[in-house]
Amino acid sequence: MHDTLLQSVQGLLLHFQSVADRWRSDARIQQELNTVVERAQSVLSDSRDRLQGLRRAGVGHGDLEQATRRLIQDHPFAPTTLVTVESKGPARNLRPGVFDELLHIVGEALFNAAQHAHATEVGVHLDHGRRWLTVEIRDNGVGLDAVKLAQALASGHFGMRSMVERARQIGADIEFDRHGESGTRVALRIKAAIAYAVQVDGGRSVAPSDHGKKGIERTDERPRPS
Numbered sequence: 001m002h003d004t005l006l007q008s009v010q011g012l013l014l015h016f017q018s019v020a021d022r023w024r025s026d027a028r029i030q031q032e033l034n035t036v037v038e039r040a041q042s043v044l045s046d047s048r049d050r051l052q053g054l055r056r057a058g059v060g061h062g063d064l065e066q067a068t069r070r071l072i073q074d075h076p077f078a079p080t081t082l083v084t085v086e087s088k089g090p091a092r093n094l095r096p097g098v099f100d101e102l103l104h105i106v107g108e109a110l111f112n113a114a115q116h117a118h119a120t121e122v123g124v125h126l127d128h129g130r131r132w133l134t135v136e137i138r139d140n141g142v143g144l145d146a147v148k149l150a151q152a153l154a155s156g157h158f159g160m161r162s163m164v165e166r167a168r169q170i171g172a173d174i175e176f177d178r179h180g181e182s183g184t185r186v187a188l189r190i191k192a193a194i195a196y197a198v199q200v201d202g203g204r205s206v207a208p209s210d211h212g213k214k215g216i217e218r219t220d221e222r223p224r225p226s
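Residue numbers (full-length UniProt numbering): 1 to 226.
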């Protein structure tokens, strides 16, 4: 329930930010909208911190694949953007802090692809490997050349600075580069020992394993128009 609430608030913030970005004709209204978004983000951050405190006391973990599907389905980034989700390997519950930060990064990348890059197709690829968890978001949007990409990273535009900082906080590597002729690829990689929650087997803690590994599962998620 707590995860669902935070995901709902995060989705609403992304949708509200898209409205603010489109309201460029009236600087005063756009500034007011941005102020509201900033305050809401502060509340969300505080709520996330409090929830992490509850989790440390024994409240659940997060399934990034299912959370991503819910985020796409419940909070459309753009009605014309088709988002696919692919998962390789057995689904793993993630450590609370890792789950929160990765979900935020995925949401930010999807928002950028739909609202800024005007992508019509976006793919989210999860690979639950034995040594590494990798997450990639690839789109067919406008994209950025090397110079503009460096400028965006330096200025923090498109939420890139936030994504880099969040990745650093959990010990993940993150890269931004071109995908195809014009698209963008956001790639994250984090060690399994850091990412995966400890599994319990017969009352004792054990390291995650790849026994019973399954193949790629794919679903196409077209958001419902708001």
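Cβ atoms here follow ideal geometry from the backbone N, Cα and C, with glycine treated the same way.
Below 8 Å on the Cβ atoms is my guess for residue i versus residue j; work out the distance and round it to an integer in Å.
i      : j      : result
Ile190 : Leu133 : 5 Å
Val135 : Leu126 : 6 Å
Val122 : Val106 : With a Cβ gap of about 10 Å, Val122 and Val106 do not count as contacting.
Tyr196 : Arg70  : No, Tyr196 and Arg70 are not in contact; Cβ-Cβ is about 20 Å, not under 8 Å.
Ala113 : Asp145 : 17 Å between Cβ atoms; not a contact.
Glu108 : Ser162 : 7 Å
Ile170 : Gly97  : 6 Å
Phe99  : Gly62  : 3 Å
Name the residue from the options whose alpha carbon lies nearest to the alpha carbon of residue i.
i           : options                        : result
Ala119      : Gly143, Gly107, Ala150         : Gly143
Phe111      : Phe77, Leu126, Ile105, Arg138  : Phe77
Ala67       : His116, Arg130, Leu94, Ser182  : Leu94
His128      : Met160, Ala193, Arg28, Gly171  : Ala193
Gly89       : Ala172, Gln169, Leu64, Glu108  : Leu64
Ser182      : Ala117, Ala167, Gly159, Arg131 : Ala117
Arg131      : Pro79, Ala172, Asp177          : Ala172
residue 228 : Gly141, Asp177, Ile137, Ala167 : No answer is possible for residue 228: the residues shown for the chain start at 1 and end at 226.
His179      : Glu165, Ile137, Ala154         : Ile137
Thr81       : Gly141, Ala154, Arg166         : Gly141
In the DSSP output, which residue or residues are listed as bridge partners for residue i?
i      : result
Arg178 : Thr184
Asp173 : Arg189
Asp63  : Asn93
Segments assigned beta strand (DSSP E), at least 3 residues, entirely inside the stretch 87 to 141: 121 to 128, 132 to 139
At least three beta-carbon pairs within less than 8 Å, the stretch 81 to 88 to the stretch 173 to 192: no
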